[in-house]
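Visitor: Below: one structure in structure tokens.
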Amino acid sequence: MASIEKDIEVDVPVRTAYDQWTQFEEFPKFMEGVKTVRQLNDKNIEWHAEVLGKDVSWTSEIVQQIPDERITWKSTSGAWNAGAVRFTSLSATRTKVSLLIEYEPTGVAENAASALGFVSLRVAGDLNRFKEFIEGRARATGQWRGEIHGQRVTT
């Protein structure tokens, strides 16, 4: 198993950064290789991406979501991955976004890409593009303010 931890500071309030991150279907606008994201319901998300030249699909489940604080997920089909994104208010107009991704590289190419740091560079690039996206807009494209704790969803 491999893991990546990256942080970035964005010049928007914590609520704006968090609200934008809840708009999963917008991820292809700032995540390299992500072709489509479809939110199936409050907890489940379907992903389609290109990884090392291959089309891959998987589904993930949100296992914890607390507004303005964190979103935690795990894959439920396809390549195994899990992680969390945390939001920390640094001031009224600045937020730290901390991303942890755990994944299981499969095959020689994925193991090599992971070992050489290519996945880490991609995640850092995604966070930089998120920063540009949200700061350029200065407001979120939408929001979801519900909470998820295991199987319990509160809207």
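Residue numbers (my numbering): 1246 to 1400. For each residue, glycine too, the CB sits at the ideal point set by N, CA and C.
Let me know the secondary structure DSSP gives Asp-1313 once reduced to three states.
Guide: Correct three-state label for Asp-1313: coil.
Visitor: Cutting at 7 Å between CB atoms, please list the residues of its own chain near Phe-1378, excluding the five before and the five after it.
Guide: Lys-1274 and Phe-1275
Visitor: Pick from Thr-1304, Arg-1331, Ile-1311 and Pro-1312: whose alpha carbon is nearest that of Lys-1319?
Guide: Thr-1304
Visitor: Which residue's Cα is closest to the Cα of Ala-1327: Ile-1253, Leu-1361, Pro-1350 and Leu-1297?
Guide: Pro-1350
Visitor: Mark Glu-1355 as exposed unless 16 or more other C-beta atoms lie within 10 angstroms of its C-beta, in which case mark it buried.
Guide: Per the 10 Å Cβ criterion, buried.
Visitor: Which residues does DSSP pair with Ser-1365 in a beta bridge?
Guide: Answer by DSSP bridge pairing: none, since Ser-1365 is not bridged.
Visitor: Could you check the C-alpha separation between Thr-1261 and Thr-1338 for me, to the nearest Å?
Guide: 9 Å
Visitor: Who are the Cβ neighbours of Ala-1324 in its own chain at under 6 Å, not counting the five residues just before and after it?
Guide: Trp-1303
Visitor: If you measure between the beta carbons of Gln-1265 and Glu-1392, is that distance less than 8 Å?
Guide: no
Visitor: Would the beta-carbon of Val-1271 fall within 8 Å of that of Leu-1335?
Guide: The identity of residue 1271 in the sequence shown is Glu, whereas the question assumes Val. Result no, Cβ atoms of Glu-1271 and Leu-1335 do not sit closer than 8 Å.
Visitor: Could you tell me the distance, in whole angstroms, from the CA atom of Asn-1289 to the CA atom of Gln-1388?
Guide: 16 Å
Visitor: Determine the extent of the beta strand (DSSP E) in which Pro-1252 is found, giving its start and end residues.
Guide: The question names Pro, yet the displayed sequence has Asp at residue 1252. That run of the beta strand (DSSP E) goes 1247-1255.
Visitor: Would you list the one or two residues that DSSP bridges to Arg-1382?
Guide: In the DSSP output, where bridge partners are listed per residue, Arg-1382 has none listed.
Visitor: Are the beta-carbon atoms belonging to Ser-1359 and Ala-1247 less than 8 Å from one another?
Guide: The Cβ atoms of Ser-1359 and Ala-1247 lie closer than 8 Å to each other.
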